[in-house]
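Asks:
Protein chains in written order, with the numbering used here: chain A, 2 to 320; chain B, 32 to 351.
(1) Under three-state DSSP, which class holds residue 253 of chain A?
(2) Tell me, please, whether the CB atom of residue 278 of chain B is closer than 9 Å to any CB atom in chain A?
(3) Between residue 255 of chain B and residue 46 of chain B, what straight-line distance do the alpha-carbon atoms span, to the nearest angstrom?
(4) Output the boundary residues of the alpha helix (DSSP H) element that contains residue 117 of chain A.
(5) Residue 38 of chain A CB to nearest chain B CB: under 9 Å?
(6) What does DSSP give as the partner residue(s) for residue 92 of chain A in the beta ladder?
(7) Apart from the five residues on each side of it in sequence, which residues of its chain come closer than 8 Å, Cβ to Cβ, to residue 49 of chain B?
(8) Would you kindly work out how many angstroms separate the C-alpha atoms of residue 165 of chain B and residue 230 of chain B, rounded to a whole number?
(9) In the DSSP assignment, find the alpha helix (DSSP H) that holds residue 74 of chain A and state where it starts and stops.
(10) Grab me the residues of residue 305 of chain B's own chain with a C-beta within less than 7 Å of its C-beta, minus the 5 sequence neighbours each way, in chain order.
(11) Return the bridge partner residues of residue 119 of chain B from the DSSP annotation.
(12) Is it the case that the Cβ atoms of residue 234 of chain A and residue 199 of chain A are separated by a distance below 9 Å?
(13) Is the closest heavy atom of the ligand ZN to the C-beta of residue 319 of chain B under 8 Å?
(14) Near residue 289 of chain A, what residues of its chain come up, given a Cβ to Cβ distance below 6 Å and the 5 sequence neighbours on each side ignored?
(15) So residue 294 of chain B and residue 206 of chain B are supposed to be a Cβ contact under 8 Å. How far apart are they, rounded?
(16) Whose C-alpha, out of B:227, B:215, B:277, is nearest the C-alpha of residue 291 of chain B?
(17) CB residue 57 of chain A to CB residue 297 of chain A, shorter than 9 Å?
(18) Whole angstroms is fine: what's the gap from residue 113 of chain A's alpha carbon to residue 192 of chain A's?
(19) Can you tell me whether residue 35 of chain B is buried or exposed, with buried defined as 16 or more other CB within 10 angstroms of its CB?
(20) Under three-state DSSP, which class holds residue 172 of chain B?
(21) Can you list, in chain order, the residues of its chain with a C-beta nearer than 7 Å to that of residue 338 of chain B? Leave out the 5 residues immediately preceding and following it.
(22) Quick one: is residue 142 of chain B buried, meaning 16 or more other Cβ sit within 10 Å of its Cβ, or exposed?
(23) What is the rounded straight-line gap between the Cα of residue 115 of chain B and the Cα of residue 83 of chain B?
(24) Could you tell me the alpha carbon to alpha carbon distance between residue 37 of chain A and residue 205 of chain A, rounded to whole angstroms?
(25) Where does the unbroken alpha helix (DSSP H) through residue 208 of chain A begin, and where does it stop?
(26) Applying a beta-carbon distance threshold of less than 8 Å, which residues of chain B neighbour residue 259 of chain A?
(27) Going by CA-CA distance only, name the one from A:161, A:197, A:209 that's closest to residue 184 of chain A.
(28) Please report the distance separating the alpha-carbon of residue 2 of chain A from that of residue 306 of chain A.
(29) Please classify residue 245 of chain A as buried or exposed, where buried requires at least 16 other C-beta atoms within 10 Å of its C-beta.
(30) Shorter than 9 Å from the beta carbon of residue 174 of chain B to some beta carbon of chain A?
(31) Strictly under 9 Å for the Cβ-Cβ distance: is residue 244 of chain A near chain B by that measure?
(32) Within the chosen definition, does the region 217-234 of chain B reach the region 273-283 of chain B through at least 3 CB pairs nearer than 8 Å?
(33) Exposed or buried, what is residue 6 of chain A when buried is set at 16 or more other beta-carbons lying within 10 Å of its beta-carbon?
(34) With burial defined as no fewer than 16 other Cβ atoms inside 10 Å of the residue's Cβ, what is the status of residue 111 of chain A: buried or exposed?
(35) Taking the runs of the alpha helix (DSSP H) that are 4 residues or longer, which of them lie wholly in the region 261-335 of chain B?
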């Protein structure tokens with residue numbers, strides 16, 4: 002339990018491992034022994050969700066090794082079979098293994114969900130920080146722009162932008178093409194709410210005394226923003242990003258479902274659901290990709306809730 | 032009162048600018064979109080294609096097209112569809128929009144009638160089994176993708192899988208009689224109902240421990256009246272604040288639902304018009320969707336004043 006109590010008798014050959022060990026220890030200290038970390042670990046749903054997300058991510062990354070079959074291997078003798086020991090989620094109308102296709106589909110979902118969050122963190126973070134930090138007329142102009150972007154019904158434009166971006170890009174691989182198209186479309190609108198949040202947070206934190214004292218000892222603005230303000234507004238930002246992930250995953254599957262996203266034979270949960278919907282009389286085809294999406298959405302929501310409660314105890318108590 | 036009139040005018044002017052920006056943006060995007068409306072699989076002879084494009088004014092300079100498009104909107108003329116030959120866009124939308132609004136209104140009704148009471152009762156029995164159960168349902172409702180719920184309901188109630196006795200009890204698609212309405216309305220209403228339930232529960236929990244509630248109880252007001260009159264009234268602001276986008280989203284129908292159930296609403300046209308590159312129809316649909324959002328948000332902002340007289344619309348309008 003007490004990491005500081007153990008005395009390590011080290012020989013010189015162990016230096017590297019020791020340094021590595023201290024890094025791991027610092028991280029585990031931060032995760033398991035900080036207040037926020039403990040609060041998060043106390044949230045059972047949050048921990049389960051984190052494990053699920055981690056496993057799903059690993060399966061997505063290692064899909065070719067984890068999936069029992071390839072996403073396009075057909076077995077003509079076994080069309081439209083229900084779940085069995087050989088095909089856990091059954092087979093589709095072309096005799097492909099649905100379980101494998103669901104695993105491959107996770108790649109698209111995770112990539113869209115996580116990468117869009119990253120992009121909106123970068124754009125929204127910088128935009129919001131500049132707006133809140135510089136203030137004045139620049140702030141008014143930047144926020145006016147955000148207001149206009151916010152009042153655009155995202156659906157129609159998202160579809161158009163997605164189609165445009167899918168068409169114009171240098172990539173050849175259809176999976177990457179669809180991913181980049183959807184990614185760019187979601188990035189066009191995704192950063193807006195984040196920019197607003199970051200601006201509000203910066204406005205609040207910049208008035209605090211530790212910022213003033215940093216000013217007083219002559220720290221430049223960029224250093225204050227990165228070293229003093231950023232760590233203090235990280236909590237709400239991370240929480241908002243966590244909630245954006247499932248929304249973006251859902252959007253990707255909607256697009257692929259109506260045929261504007263990824264195209265068959267490639268697998269995304271939306272493409273699979275569309276296959277299932279066309280097959281009509283075989284509900285297992287729509288149940289499994291749908292359930293994968295459902296559990297993933299739940300996991301990100303629970304994870305977000307746990308994170309929010311851990312990082313902002315005030316909210317947790319008043320709930 | 033004149034303040035309120037001025038406020039509405041200001042908002043409408045703002046909405047006008049927003050709509051103009053959206054129209055311009057969409058127009059530009061469409062010109063960037065690869066493939067034209069008359070690219071068929073078998074290439075048309077050059078002259079034929081040129082003729083068709085001239086017919087729809089596509090041979091003119093882009094700026095010229097843009098100006099006549101914007102001018103047309105101002106006159107209320109949305110142009111002629113490229114794919115439904117001879118039909119005006121206004122005609123198509125006039126036919127499809129009422130269907131979408133019907134679907135949306137019914138789903139909205141379901142959402143409010145289920146979501147709000149569920150949230151109120153869950154909050155009233157905070158931390159009880161009922162509360163946990165209701166919130167479990169609500170959380171699931173938010174996370175369930177509609178393209179899963181719809182087809183599964185269809186396979187249960189129309190195809191009788193796995194309950195054979197239910198086979199044929201409800202029609203699987205189309206929009207013809209009340210029996211046809213049930214499945215799509217339930218599918219579309221589920222998510223907003225779940226969102227409303229969570230929102231209502233949170234808002235009610237905030238106000239349920241306040242003094243006026245204790246006073247009402249002390250006066251001997253029945254629990255139902257306390258909950259639905261005193262508490263709910265004071266919890267309406269957060270419920271209202273999500274209602275704008277919710278209503279706009281539902282009234283314009285959900286394109287997924289309309290595709291799954293083959294409902295002839297505007298959502299179905301949305302995807303088709305993009306695939307068909309039916310420029311005038313896409314533009315008009317974009318504007319219809321935007322208008323819905325703008326109007327819904329304006330109405331919600333005005334309602335704030337009614338629900339809570341302390342909120343002055345002049346203040347709530349300024350975003351950022």
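Beta carbons are placed, not taken as given, at the ideal position from N, Cα and C, and that holds for glycine.
Since we're looking at a predicted model, the values are computed, not measured.
Replies: So, from the listed chains and residues:
(1) Secondary structure at residue 253 of chain A: helix, using DSSP grouped into helix, strand and coil.
(2) Cβ-Cβ to chain A under 9 Å: no for residue 278 of chain B.
(3) 41 Å
(4) It spans 99-135 - the alpha helix (DSSP H) in which residue 117 of chain A sits, taken as one unbroken run.
(5) no
(6) A:98
(7) Same-chain partners within the cutoff: 321, 325.
(8) 12 Å
(9) Where residue 74 of chain A is concerned, there is no enclosing alpha helix (DSSP H), given that its DSSP letter is neither H nor E.
(10) 313
(11) Partner(s): B:111.
(12) yes
(13) Because no ligand of any kind appears in the structure shown, any question about the ligand ZN cannot be addressed here.
(14) 90, 99, 103
(15) 5 Å
(16) B:215
(17) Yes; because the gap between Cβ atoms is below 9 Å, this pair is in contact.
(18) 14 Å
(19) Within 10 angstroms of the beta-carbon of residue 35 of chain B lie fewer than 16 other beta-carbons, which makes it exposed.
(20) DSSP, read as helix, strand or coil, puts residue 172 of chain B in helix.
(21) 267, 268, 271
(22) buried
(23) Computed Cα separation, rounded: 14 Å.
(24) 22 Å
(25) According to the DSSP assignment, residue 208 of chain A belongs to no alpha helix (DSSP H), since it is labelled neither H nor E.
(26) 286, 287, 290, 302
(27) A:161
(28) With a pLDDT of only 38 at residue 2 of chain A, under 50, the local geometry of the prediction cannot be trusted, and no value is derived from it.
(29) buried
(30) yes
(31) no
(32) yes
(33) Unreliable positioning characterises residue 6 of chain A in this predicted model, as indicated by a pLDDT of 40, which lies under 50. The coordinate reading is nonetheless provided below. When all chains shown are included, residue 6 of chain A counts as exposed.
(34) buried
(35) 267-282, 286-291, 297-307
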